[in-house]
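Engineer: The opening position of the sequence shown corresponds to residue 629 in my numbering, with each subsequent residue numbered one higher.
Got a structure here, written out as structure tokens. Questions coming.
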Amino acid sequence: MADLSRRNLLRATGLGAATLALSGCMAGEGAGTGVANADSAGSITLDYATYNPLSLIIRSKGWLEKVADGIGQSVEWVNSAGSNKANEYLRAGVIDVGSTAGSAALLARANGSPIKVIDIFSQPEWSALVKTPDSDIDSVADLKGASIAATLGTDPYFLLLQALETAGLSADDVSVQNLQHADGRTALDTGQVDAWAGLDPIMAAAEEGGDLLFYRNLDFNTYGFLNARESFLTQNPTGAHAVVNTYAYAREWALAHEEEAVTILGEEAGIEPGTAQKVWERTHLDIDPVPGDDQIAVLENIGPILVESGDVSSQENVDDALASIVEKSYAEAADRTAVAGAIEGN
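Rendered as structure tokens:
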């Protein structure tokens, strides 16, 4: 399997204004080669992320490479540190397929990013509000006037906004510090912020270190979306089917081999076994992977919050995104047995 070097990744992302406007500044060295052409019908470029355990398993096992080799294609992997980064890479054309929270996918689509959700990789409780053990914060209401670390454009950020609403508060009542997930934990533990909107597995590691989850709500965690650029689906549908088929195989394998799956998660994410087990228990894989009404129902609740917070300019943009974001044909046609034949030699 091939990982993109930092230099090549930065070259590939360039200085596209649309990418910068969508998810925040991203350094670049100008356009260049160095990554597989994301529009090439002979290649599949996708992300792996600690918040998407199936991606870690697929990459570790080399399954997609075996499937791609059988259809004459190559595979490139890019690490996404958060949904916001996956959105940046998708919009810049650095990757063909990327993993994000559903809320982040809606944000991207509503702001003009031409992506479609082609598979649901999990239904996780991967986000909560976190405090240090010596904090006086006991509830969301106590956050008024507080400084909170959150990664804009990701599920933890939208969970924070929804949580504030339950206490009659809004983002104007707090100071949100836009930090990438790992930096948010550091800011919390070093006293730079009062609370953190956390994301697993970093959040689970923080718990192991003594931090406390003081607000949890599964309903405020959106599904794990596997998103593809529309141009990739048009130009390389065979590659898209290969990805979704491999995810179907990995899902079934992970459910049948939990111990090994947790070990891979721990090794690939660089976390302790106990932390990996905690993350696994909060990651629900036994779900219908076909995107549809269940996911749209959750996103319909998120939409008005995106508009109110200024993350999307209008409800019309949200409605258009909700009506166009789902492409269920790939997950509906998913065939794990095709992958089994390539992997197991059947």
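From the three backbone atoms N, C-alpha and C, an ideal C-beta is built for every residue, glycine too.
Taking the straight line between their C-alpha atoms, what separation do you get for residue 855 and residue 802?
Structural biologist: What you label residue 855 is simply residue 227 of the sequence shown in a count that begins at 1. What you label residue 802 is simply residue 174 of the sequence shown in a count that begins at 1. Whole-angstrom Cα-Cα distance: 32 Å.
Engineer: Output the distance between the C-alpha atoms of residue 885 and residue 963, rounded to the nearest integer angstrom.
Structural biologist: For the purposes of this step, residue 885 is taken as residue 257 along the sequence shown, with counting starting at 1. For the purposes of this step, residue 963 is taken as residue 335 along the sequence shown, with counting starting at 1. The alpha-carbon atoms of residue 885 and residue 963 are separated by roughly 19 Å.
Engineer: Where do the N-terminal and C-terminal ends of the beta strand (DSSP E) with residue 777 fall, by residue?
Structural biologist: Indexing the sequence shown from 1 puts residue 777 at position 149. It spans 775 to 778 - the beta strand (DSSP E) in which residue 777 sits, taken as one unbroken run.
Engineer: Where residue 785 and residue 937 are concerned, what is the direct C-alpha to C-alpha distance, given to the nearest angstrom?
Structural biologist: Here residue 785 refers to the residue found at position 157 of the sequence shown. Here residue 937 refers to the residue found at position 309 of the sequence shown. Roughly 11 Å separates the two Cα atoms.
Engineer: Would you list the residues sitting across from residue 912 in a DSSP beta bridge?
Structural biologist: In the sequence shown, residue 912 corresponds to position 284, counting from 1. 751.
Engineer: Residue 655 by DSSP, collapsed to three states: which one?
Structural biologist: Indexing the sequence shown from 1 puts residue 655 at position 27. Below a pLDDT of 50, predicted positions are generally treated as unreliable, and residue 655, at 28, falls in that range; no measurement from the model is reported.
Engineer: When the Cα of residue 843 is compared with those of 789, 722, 920 and 883, which residue comes out closest?
Structural biologist: Along the sequence shown, one-based indexing puts residue 843 at 215. The residue with the shortest Cα to Cα distance from residue 843 is 789.
Engineer: Specify the secondary structure class of residue 763 as computed by DSSP and reduced to three states.
Structural biologist: One-based indexing of the sequence shown puts residue 763 at position 135. Residue 763: coil per DSSP, three-state reduction.
Engineer: How long is the line joining the alpha carbons of residue 942 and residue 702, rounded to whole angstroms?
Structural biologist: Start at 1 with the first residue of the sequence shown, and residue 942 comes out as number 314. Start at 1 with the first residue of the sequence shown, and residue 702 comes out as number 74. Approximately 40 Å, taken between the alpha carbons.
Engineer: I'd like the list of long-range same chain contacts for residue 945, defined as Cβ closer than 6 Å, with 5 residues on each side in sequence excluded.
Structural biologist: Within the sequence shown, residue 945 is the residue found at index 317, counting from 1. Within the same chain, residue 945 has close Cβ partners 738.
Engineer: Secondary structure at residue 803, three-state DSSP: helix, strand or coil?
Structural biologist: Locating residue 803 in the sequence shown gives position 175, where the first residue counts as 1. In this structure, residue 803 counts as strand in the three-state DSSP scheme.
Engineer: Buried or exposed: residue 866, going by 16 or more other Cβ atoms within 10 Å of its Cβ?
Structural biologist: What you label residue 866 is simply residue 238 of the sequence shown in a count that begins at 1. Exposed, because fewer than 16 other Cβ atoms sit within 10 Å of the Cβ of residue 866.
Engineer: If you check the beta carbons only, do residue 840 and residue 932 fall under 8 Å apart?
Structural biologist: Within the sequence shown, the letter at position 212 stands for residue 840. Within the sequence shown, the letter at position 304 stands for residue 932. No.
Engineer: Name the residue from 824, 755 and 832 whose alpha carbon lies nearest to the alpha carbon of residue 848.
Structural biologist: Here residue 848 refers to the residue found at position 220 when the sequence shown is read from its first residue. The candidate whose alpha carbon is nearest that of residue 848 is 755.
Engineer: Tell me, which residues are paired with residue 726 by DSSP?
Structural biologist: What you label residue 726 is simply residue 98 of the sequence shown in a count that begins at 1. DSSP output for residue 726 lists 855 as bridge partner(s).
Engineer: Beta-carbon separation of residue 923 and residue 743 under 8 Å?
Structural biologist: Here residue 923 is taken as the residue at index 295 of the sequence shown, counted from 1. Here residue 743 is taken as the residue at index 115 of the sequence shown, counted from 1. No.
Engineer: Excluding five sequence neighbours on each side, which residues of the same chain lie with their C-beta closer than 7 Å to the C-beta of residue 634?
Structural biologist: Counting from one through the sequence shown, the residue named residue 634 turns up at place 6. Residue confidence for residue 634 is low, a pLDDT of 31 falling below 50, so the modelled location carries little weight and cannot support an answer.
Engineer: Would you report the Cα separation of residue 872 and residue 919, rounded to the nearest angstrom?
Structural biologist: Along the sequence shown, one-based indexing puts residue 872 at 244. Along the sequence shown, one-based indexing puts residue 919 at 291. Roughly 12 Å separates the two Cα atoms.
Engineer: Kindly indicate which residue of 746, 897, 766 and 821 has the alpha-carbon position closest to the one of residue 955.
Structural biologist: The residue labelled residue 955 in the question sits at position 327 within the sequence shown. Nearest of 746, 897, 766 and 821 to residue 955, Cα basis: 746.
Engineer: Measure the C-alpha to C-alpha separation of residue 736 and residue 721 and round it to an integer number of angstroms.
Structural biologist: Here residue 736 refers to the residue found at position 108 when the sequence shown is read from its first residue. Here residue 721 refers to the residue found at position 93 when the sequence shown is read from its first residue. Going from the Cα of residue 736 to the Cα of residue 721 covers about 14 Å.
Engineer: Identify, in the order they occur along the chain, each residue of the same chain with its Cβ nearer than 8 Å to the Cβ of residue 805, setting aside the five sequence neighbours on each side.
Structural biologist: Translated into the one-based positions of the sequence shown, residue 805 becomes position 177. Only 775, 776, 777, 778, 812, 815, 820 and 821 meet the Cβ criterion.
Engineer: Rank 846, 674 and 673 by C-alpha distance to the C-alpha of residue 753 and give the top, closest one.
Structural biologist: Within the sequence shown, residue 753 is the residue found at index 125, counting from 1. When only C-alpha atoms are compared, the closest one is 846.
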